[in-house]
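Chains as they are written, first to last, in our numbering: chain A, 1 to 271; chain B, 1001 to 1271; chain C, 2001 to 2271; chain D, 3001 to 3271. Glycine is no exception: its CB is placed at the ideal position from the N, C-alpha and C atoms. None of these values were measured; they are calculated from a predicted model. One structure below.
Protein chains: 4
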Amino acid sequence: MKIAFFGDVVGRSGRDAVKRHLPGLKGRLGLDAVIINAENAAGGFGITRATAEELFDAGADVLTLGNHTFDQAQGISVIDNDPRIIRPCNYPKGTTPGRGAGLFDVNGFQLLVINVLGNVFMDTLDNPFHAVEAELDAAPLGSVADFVLVDVHAEATSEKNGMGYFCDGRASLVVGTHSHVPTGDARILPNGTAYQTDAGMCGDYDSIIGMETEEPLRRFTTKMRGGRFTTASGPGTLCGVYVETGANGLATRIEPIRMGGQLAETVPTPQ
Amino acid sequence: MKIAFFGDVVGRSGRDAVKRHLPGLKGRLGLDAVIINAENAAGGFGITRATAEELFDAGADVLTLGNHTFDQAQGISVIDNDPRIIRPCNYPKGTTPGRGAGLFDVNGFQLLVINVLGNVFMDTLDNPFHAVEAELDAAPLGSVADFVLVDVHAEATSEKNGMGYFCDGRASLVVGTHSHVPTGDARILPNGTAYQTDAGMCGDYDSIIGMETEEPLRRFTTKMRGGRFTTASGPGTLCGVYVETGANGLATRIEPIRMGGQLAETVPTPQ
Amino acid sequence: MKIAFFGDVVGRSGRDAVKRHLPGLKGRLGLDAVIINAENAAGGFGITRATAEELFDAGADVLTLGNHTFDQAQGISVIDNDPRIIRPCNYPKGTTPGRGAGLFDVNGFQLLVINVLGNVFMDTLDNPFHAVEAELDAAPLGSVADFVLVDVHAEATSEKNGMGYFCDGRASLVVGTHSHVPTGDARILPNGTAYQTDAGMCGDYDSIIGMETEEPLRRFTTKMRGGRFTTASGPGTLCGVYVETGANGLATRIEPIRMGGQLAETVPTPQ
Amino acid sequence: MKIAFFGDVVGRSGRDAVKRHLPGLKGRLGLDAVIINAENAAGGFGITRATAEELFDAGADVLTLGNHTFDQAQGISVIDNDPRIIRPCNYPKGTTPGRGAGLFDVNGFQLLVINVLGNVFMDTLDNPFHAVEAELDAAPLGSVADFVLVDVHAEATSEKNGMGYFCDGRASLVVGTHSHVPTGDARILPNGTAYQTDAGMCGDYDSIIGMETEEPLRRFTTKMRGGRFTTASGPGTLCGVYVETGANGLATRIEPIRMGGQLAETVPTPQ
Ligand SMILES: [Fe+2]
Ligand SMILES: [Fe+2]
Ligand SMILES: [Fe+2]
Ligand SMILES: [Fe+2]
Ligand SMILES: [Fe+2]
Ligand SMILES: [Fe+2]
Ligand SMILES: [Fe+2]
Ligand SMILES: [Fe+2]
């Protein structure tokens, strides 16, 4: 399979970057599926029906989320009703709207998408390793699923590295989100799982993690608030990873994708 | 000027990567100076006389540190006595061994190196922005210093992004360390400062941030300790950034460097 | 001198408890001065001109603050203009409205009031120990000041204990705030400083630290927000400490004060 | 029933305070059961066979623990083998030695003891509210259990308050530990559960939470380590709460206990 995953879409710049670059890329790379983390799609905080639709229309098959999952009151029913939207699987059982994983039929393949929130330096949901293990067991790679993607939305690189090794051989791709900065460590782990610590954000990199610099700099230097954070509005970068898998669902190739905006462009060569 | 900076050297694998790749690279790129973050050089925790010497012998002009600065009791006098070793500048004034910044004469250039520890999700030293500002003011770029390097040793990408913009136009390079993962966001900020959120570690990437995977995975899954962390001993990657500056000390080029080990290689082309 | 200090006034219940109990108590105990932490006086978040006036009218001589100092936009000018209102002294120098300490002439005595924010588990201001030391040095107990009060607004009991010993012999009273729960450890430290880890809040204890229980319980159990926090509105408790000092400004007596509301009453006996 | 609970026993001073004061107190108050938090009994860190036996010999029926549960390697088998020792119930299922709750027959009564670790500002175990709920459901107060005690070992007062209200009417006593400072907020919640935010430590209060002051003060002021923490060795205080319940297992009385050492003594009057 050929899959692309893109990191946290931040506001209009992020959505525009997806709309501008994804449709052509999808054809050129012959992608079987596209998954996008949309936790910051709506003005930087959460998701709405309209922002989700923009991303689906641009070519996303599945959307994942993160610590901003429920920031938009109107987004809660969207998450609860649309099976293509996946929120972290380690939210409490029984009370949380939506689903923490989903098995999708795309292009005749069975794609399992798991989203999980890290515990280190974040609000503490259930143990992310145990939660992911339960989802991996429910639809094993190679028997039930043709591709297993784990979006580990976490702060600490140690926890993301850990999730990679924890899933190694059981997932096709473990990719981090949340830091809003792409990492340059794409590789295939010893047992065949493609891994990159962070996909990076889709958004305007002339910013502080997608936000206009003025207010964050004020807070860092004066420790006082001057107003709200506002998303930066310059040209956005489409930022993510491209993965190919073999017959067993394990990875044969992983490469970063960065198109447009402030970052040096890198696009996989179709082979 | 032509400068290379390399991120957190982790144990023997990291030191070996530096020794294997740096000497040749230095000649090929015509580097005027080399700066290396050595906070994990001694078995993953801190620095010793011997490990510092290995890095100087391999071509380092200046070493920087981080939150592991004083982990090795015997390293404290080394840091205090060797002016080529710079520890974070926001440790308390008056009681802290060593220096938080240094102005070095290298190849006839004046090189200012500043090291600072972030406050977010870390032990809290003095305000990192105020501390860096004082150092920038003491040896301004363009008048006193030909090159100003800020190594921002921090956890949160927001704080590192923030330091980049805070120094934009006043530093030649702001580069992050501490996450042990290189970021793919090298760029020149609007006012001429080269920036990359993290240089990545020099060490074995078949690991959890440089450590054997077994113990961290045990702690993540069982919440119990089974022993100490031990540095991974496979082939290391030399990981960092290359920067060129013009007559005013601002950047004209920044590119990542990754050589050897588990990561896809990328080396700047001499021009 | 005879001094009373009361902890975080939370909303109307807290202000009402002060108004109901303080005026009589002041006379009965023959208090020379009353200091109140008012960081939650305005609806639980920050201070306004009106809420400050209520507390001054009820008998407060000086108000202190904490991490909620600047929550109310309209409170900022109040803090900046009224010298009887003291905010944490370890906010950044040069940019922060208001004062971190004040020397007050009350009943012919010189009263030094210092407010400081802890660093552990809190937003990180400047080192609280260094900041307090500077204030202690500026108006030493026994020569310049007749009474030195340090309100250490902090989360961790270790940091509050630490501030007590750090100031022991140099302050008349070190008292904690922020936890909204009174501690039962009032004592005089070896060198003469009266100490209690937390003064407790003035407010309705049938609550979660002063707030209606429903929303905090929802967040603890579901990890989702259902709305804002609202202050509990039942009968409040006046909660604080009473301290007597000798000629040298060191303490000869410290006792807790708890009047009204949900907690068992304890009031010092006039001697 | 008549029950006493004592907070974190810290080292020898804490154990000595228990041995000196508990036996007499047990007789005077006619206690049916004594429960002690022993997480710091062995030199400040964890528990050993010998330190556990000292506390059982002095009159403890059950010991609870906390974040230091597994600090002593030799303590792990003790915890696993002795059913009278209870560790936090929200450690991972399946891999953790020992038990998170226990139903004990004491003096002909069924006593349920639950220990749980908070999530806020601590290493993150499973959701403490969900874990406690499962234990409460397994042995309900009034039908299976005559007395239900919840030791909530947590940092944040909000989380401890929250656990009190969460269990109100379902537990006889919710009492906090971990802060090493007794709180002065003992009360009976609206539905009949006795509550105190922290029992306080059994140990030497002329200290920083039970440790000699020198090393913690060095770290607070210099941000450098000078050595290990050592337990303070002055006279200890026995510190805890006394609770009486009626026929339905709900509380009719709660009072603090503080005997010996640095704190003002308070002992319940037998009635
Ligand atoms: Fe995000
Ligand atoms: Fe996020
Ligand atoms: Fe490091
Ligand atoms: Fe570090
Ligand atoms: Fe407060
Ligand atoms: Fe506060
Ligand atoms: Fe403890
Ligand atoms: Fe503890």
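Residues of the stretch 1216 to 1234 of chain B whose Cβ lies closer than 7 angstroms to any Cβ of chain A, in chain order: Taking a C-beta cut-off of 7 angstroms against chain A, the contacting residues of the stretch 1216 to 1234 of chain B are 1216, 1217, 1220, 1221, listed in chain order.
Test item: CB-CB of residue 8 of chain A and residue 177 of chain A under 7 angstroms: Yes, Cβ-Cβ distance for residue 8 of chain A and residue 177 of chain A is below 7 angstroms.
Neighbourhood of ligand 5 [Cβ distance below 6 angstroms to any heavy atom], ordered by chain position: C:2008, C:2039, C:2040, C:2066, C:2178, C:2180
Contacting positions in the stretch 2081 to 2109 of chain C - beta carbon closer than 7 angstroms to chain B: 2092
Reduced DSSP category for residue 3047 of chain D - H, G, I as helix; E, B as strand; rest coil: Three-state DSSP puts residue 3047 of chain D in coil, outside helix and strand.
Stretch-stretch touch, CB-based, cutoff 8 angstroms, three pairs: the stretch 2104 to 2112 of chain C with the stretch 2127 to 2146 of chain C: yes
Within 7 angstroms, strictly: CB atoms of residue 1119 of chain B and residue 2124 of chain C: yes
Close beta carbons around residue 2083 of chain C, own chain, < 8 angstroms, minus the five adjacent residues each side: 2099, 2102
Beta-carbon proximity list for residue 186 of chain A, same chain, < 8 angstroms, skipping 5 on both sides: Here the set comprises 194, 195, 196, 241, 254, 255, 256.
Reduced DSSP category for residue 3002 of chain D - H, G, I as helix; E, B as strand; rest coil: strand
Three-state secondary structure assigned by DSSP to residue 2259 of chain C: strand
Counted within 10 angstroms of its Cβ, other Cβ atoms place residue 90 of chain A as buried (16 or more) or exposed: Looking at its Cβ environment, which holds 16 or more other Cβ atoms inside 10 Å, residue 90 of chain A is buried.
Proximity of residue 3204 of chain D and residue 3227 of chain D at Cβ, strictly below 7 angstroms: no
Alpha-carbon to alpha-carbon, residue 3045 of chain D and residue 3230 of chain D: 10 angstroms
Cβ contact (3+ pairs, closer than 8 angstroms) linking the stretch 3009 to 3016 of chain D and the stretch 3033 to 3047 of chain D: Verdict: yes, contact present.
Neighbouring residues, chain B, relative to residue 209 of chain A (Cβ below 8 angstroms): Scanning chain B for C-beta atoms nearer than 8 angstroms to the C-beta of residue 209 of chain A yields 1157, 1158, 1161, reported in chain order.
Opposing strand residues paired with residue 1251 of chain B [DSSP bridges]: B:1245
Helix, strand or coil at residue 2167 of chain C [DSSP, three-state]: helix
Three-way DSSP call (helix, strand, coil) for residue 2060 of chain C in this model: coil
Exposure label - residue 207 of chain A; buried when at least 16 CB within 10 Å: buried
Separation of residue 3005 of chain D from residue 2239 of chain C, as counted between CA atoms: 25 angstroms
N- and C-terminal bounds of the alpha helix (DSSP H) containing residue 79 of chain A: 75 to 81
CB contact below 7 angstroms: residue 2121 of chain C versus chain A: Not closer than 7 angstroms to any Cβ of chain A, the Cβ of residue 2121 of chain C fails to qualify, so no.
Positions along the stretch 55 to 78 of chain A whose CB lies within less than 9 angstroms of some CB in chain D: Cβ contacts with chain D: none found.
Interface positions of the stretch 12 to 32 of chain A facing chain B (Cβ-Cβ less than 8 angstroms), listed along the chain: none
Per-residue contacts from residue 1194 of chain B into chain A (C-beta, under 8 angstroms): By Cβ distance, chain A contributes nothing, its closest Cβ being about 12 angstroms from residue 1194 of chain B, past 8 angstroms.
Host beta strand (DSSP E) of residue 2151 of chain C (start-end): 2147 to 2153
Between the CA atoms of residue 1202 of chain B and residue 1160 of chain B - distance to the nearest angstrom: 20 angstroms
8 angstroms Cβ shell around residue 1210 of chain B - same chain, five flanking residues per side excluded: 1008, 1010, 1011, 1013, 1014, 1040, 1044, 1180, 1201, 1203, 1204, 1231, 1232
Residue 2216 of chain C in three-state terms, based on DSSP: In the structure shown, residue 2216 of chain C sits in a helix (DSSP, three-state: H, G or I).
Contact list for residue 1137 of chain B against chain C, beta-carbon separation under 7 angstroms: Result: empty, since nearest Cβ-Cβ is about 14 angstroms, beyond 7 angstroms.
Anticipated Cβ contact below 8 angstroms, residue 1150 of chain B with residue 1134 of chain B, distance rounded: Between residue 1134 of chain B and residue 1150 of chain B the Cβ distance is about 12 angstroms, and since that is not below 8 angstroms, they are no contact.
Presumed contact (8 angstroms Cβ cut-off) between residue 2047 of chain C and residue 2066 of chain C, rounded CB distance: Contact flag wrong, Cβ pair sits at about 10 angstroms.
Cross-strand partners of residue 1115 of chain B (DSSP beta bridge): B:1151
Per-residue burial, residue 127 of chain A [other beta carbons within 10 Å of its own, 16 or more giving buried]: buried
Cutoff 7 angstroms; reference residue 225 of chain A; Cβ partners in own chain excluding five residues on either side: 219
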